[in-house]
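Here the structure comes first, spelled out in structure tokens, and everything after it is commentary.
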Amino acid sequence: MSDYLVIVESPAKAKTIERYLGKKYKVKASMGHVRDLPKSQMGVDVEHDYEPKYITIRGKGPVLKELKTAAKKAKKIYLAADPDREGEAIAWHLAHSLNVDIHSDCRVVFNEITKDAIKESFKSPRPINMSLVDAQQARRVLDRLVGYNISPLLWKKVKKGLSAGRVQSVAVRMIIDREKEIKDFVPEEYWSIRADFVKGKEQFEGAFFSLNGERTELKSEEDVKKVLANLEGSEFKIAGVTKKERKRNPAAPFTTSSLQQEAARKLNFRAKKTMMLAQQLYEGIELGKEGTVGLITYMRTDSTRISDVAKQEVHTYIESTYGQEYMQAEQRKEKKQTNAQDAHEAVRPTSTLREPSSVKEFLSRDQFRLYKLIWERFVASQMAAAVMDTMSVDLQNGPVLFRANGSKIKFPGFMKVYVEGTDDSVEEKNNLLPDVVEGDIYFSKDVEPKQHFTQPPPRYTEARLVRTLEELGIGRPSTYAPTLDTIQKRGYVTLDNKRFVPTELGEIVLELIREFFPDILDVEFTAKMEQQFDGVEEGQIEWIKVIDEFYQDFAIDLAKAEAEMEKIEIKDEPAGEDCEECGHEMVFKMGRYGKFMACSNFPDCRNTKPIVKKIGVKCPKCKEGDIIERKSKKRRLFYGCDTYPSCDFISWDKPLPRSCPKCEGILVEKKLKKGMQVQCIECDYKEEPQS
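All letters in the sequence shown, in the order written, are residues 1 to 691 by the UniProt record's numbering.
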């Protein structure tokens, strides 16, 4: 018989913690929530202070029975769910089911699953924090009131299987509004003039800057001709040289949001995958003789704060590995984001001394890549600033001024370990200029005017959308990944080249919500609700009051929608071919993984076919079939012959309609980290990469 029973959410976490606590402790897993609102009904009594009706989750009966049996044998029960609102709610539900006094010291929280952190947490157990529980209840009840009222309405008026929610509806709105911006965008013409400047062996590039001492925008070819007409030969005099030193500070350690964004940029991970891998690293990995160890701190956080112990360890590591000059000169102030709960630390390695290379053999490829990203970001965040030498050179020719800018890294600082990515793939590069002197004469060559057009705003990638939602104060760290997953599963948006594109269904649903439930789509309203949940967590406002203020207006909108919303019939789009089984017309349907073709004679005929997209290339193997786009079971795009299985040609890289000039072999477009490169798969022929 164990003296103490500890309950966590997952078996992996239970295994790790039990090893740290010793024989007197029995650690069991609840497998997440054991109680929740029923799926078959609203489960919220709007007539009696919005009282939630909790029931044991279907399938959790055996788990709960096992926990009750273990609880009867234990002298004391500790509830050690995750250190956030959701974890506090899980602990509260467990306390209710196991008859644990919520006012007793039954709750244990820790930010990392390491021996020291676990043992320290058990020295100071506390009662269940009902403000945290109420904040979670407020969100759960509000989302249930929205989802279980609007969704059935959409089923009745549009089609079954649709849903609406606060955060997901705003996310869809942002994607659709961006698409409208792109469609309405009117490109504006502008020009640039670049030139190479030469003196002996020295050469560098500059661009037109001003005319007659005034900064001049080149909006048309006429403007360009005016500048060129004012050039007096090819001789340019160095009119000014400006040298400066610029410091660049490292990015802060990861929050949930910034981790999802950077993993998307650098590792090409979807938000859902990032969180799954982070959960595994947090709960513990078997490290050979060392046993199971949690490699990172809790991964659902909006704080960049780090503990003094972690700071001391990383500073010692930096000094011993890179030298005193790589230590940050002074403690940087951590920028606390608006609405950040700051309940726990940033996402960081549990020990800086556990270098990625030392654990690589125990991790899967993707686990290792994510751990390395987290480790490098954390170490870099505590290093000295990088120092850049910048140089600006003005070149005068009569009334025309060209300018050249250059920079070089004088001291790499944190950049020796890690540099934050950007959505636009722009990185700091060395662009050296020669040591020019005022009064020197250089000669221009290859003066090249170029026409450009302004570009529309880009579609949202997962990373860009998460960043925007966070900046607007919509949602919380735990909501981003499931939100992005849901809007795709419902068929409201699709991913095209890793960017969100709205579907017709998404636009129809959004217009209905926009017309009848404007508050749900209001960015400021949604952000305000998040602030009110924070107020509940801090004990400043009662959760029932928050819900009631929302529901009074919502109920009026709901009654109006029930009465006035018209039924919309979404007609199937003809596919342009007949069913080979019954002869009826094939139509496009929307499924879980996007559009597909189905027979219009359904349910009498259940014939379906994938939509085949030809890329305009004949199969290089059989010479008869056409190359088409296909998708693997994991939804990864590849290319194959449409005569399969007669011809088994496949390629992960896109084949091109031309042959290799060296061996007449197959040319493909090979994706690089930044851009694309044409390569031959049969010889060593390669073309210059294109960004």
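We put the beta carbon where it would ideally sit given N, CA and C, even for glycine.
- In the three-state scheme derived from DSSP, where H, G and I count as helix and E and B as strand, residue 689 is classed as coil.
- For residue 211, there is no enclosing alpha helix (DSSP H); the residue is part of the beta strand (DSSP E) that begins and ends at 202–211.
- Here residue 347 is near residue 297, since their CB atoms are less than 8 Å apart.
- A contact between stretches requires three or more CB pairs, one per stretch, nearer than 8 Å, and the region 394–403 fails this requirement with the region 312–330.
- Secondary structure of residue 76 (DSSP, three-state): strand.
- Buried is the label assigned to residue 363, since at least 16 other Cβ atoms lie within 10 Å of its Cβ.
- By the 16-neighbour rule on beta-carbons within 10 angstroms, residue 394 is buried.
- With 16 or more neighbouring CB atoms inside 10 Å of its own CB, residue 543 falls in the buried class.
- Contact between the region 453–462 and the region 207–216 is absent, with fewer than three C-beta pairs closer than 8 Å.
- Boundaries of the beta strand (DSSP E) around residue 618: 613–618.
- Counting only residues of its own chain and dropping the five nearest sequence neighbours on each side, residue 51 has a CB closer than 6 Å to the CB of 45.
- The distance from the Cβ of residue 411 to that of residue 386 is about 6 Å, consistent with a contact at the 8 Å cut-off.
- Residue 687 and residue 676 have their C-alpha atoms some 10 Å from each other.
- Here residue 165 has 143, 146 and 147 as same chain residues with Cβ atoms under 7 Å from its own Cβ, once five neighbours each way along the sequence are excluded.
- Assignment of beta strand (DSSP E) within the region 149–211, counting only whole runs of 3 or more residues, yields 189–199 and 202–211 in chain order.
- In the structure shown, residue 516 adopts helical secondary structure according to DSSP, grouped into three states.
- Checking the DSSP bridge columns, you'll see residue 406 partnered with 391.
- Counting the other Cβ atoms within 10 Å of the Cβ of residue 93 gives 16 or more, which makes it buried.
- DSSP places residue 659 in the uninterrupted beta strand (DSSP E) bounded by 654–659.
- The closest CA to that of residue 627, considering only 605, 601, 666 and 211, is found on 666.
- Here residue 683 is exposed, its C-beta having fewer than 16 other C-beta atoms within 10 Å.
- With contact defined as three or more Cβ pairs closer than 8 Å, the region 437–454 and the region 179–197 are in contact.
- The beta carbon of residue 482 sits closer than 8 Å to those of 272, all from its chain and outside the five residues before and after it, given in chain order.
- Excluding sequence positions up to five before and after residue 601, its CB lies within less than 8 Å of the CB of 579, 582 and 584, all in the same chain and listed in chain order.
- Beta bridge pairing from DSSP links residue 296 with 349.
- Just so you know, the alpha carbons of residue 405 and residue 290 end up roughly 53 Å apart.
- By alpha-carbon distance to residue 48, the top candidate from 653, 548, 616 and 668 is 548.
- For the pair residue 252 and residue 414, the Cα-to-Cα distance works out to about 11 Å.
- CA-CA distance, residue 641 to residue 681, rounds to 17 Å.
- According to the DSSP assignment, residue 452 belongs to the beta strand (DSSP E) that extends over 441–453.
- Only residues of its own chain outside the window of five on either side were considered, and among them 638 have a CB closer than 6 Å to the CB of residue 652, listed in chain order.
- The region 134–143 and the region 528–539 touch, with no fewer than 3 CB-CB distances between them shorter than 8 Å.
- Contact between the region 25–44 and the region 150–163 is absent, with fewer than three C-beta pairs closer than 8 Å.
- The alpha carbon of residue 242 has as its nearest neighbour, out of 685, 433 and 173, the alpha carbon of 433.
- Check the Cα spacing between residue 314 and each of 375, 609 and 268: the tightest is with 375.
- The region 511–522 makes no contact with the region 103–110: fewer than 3 CB pairs, one atom from each, lie closer than 8 Å.
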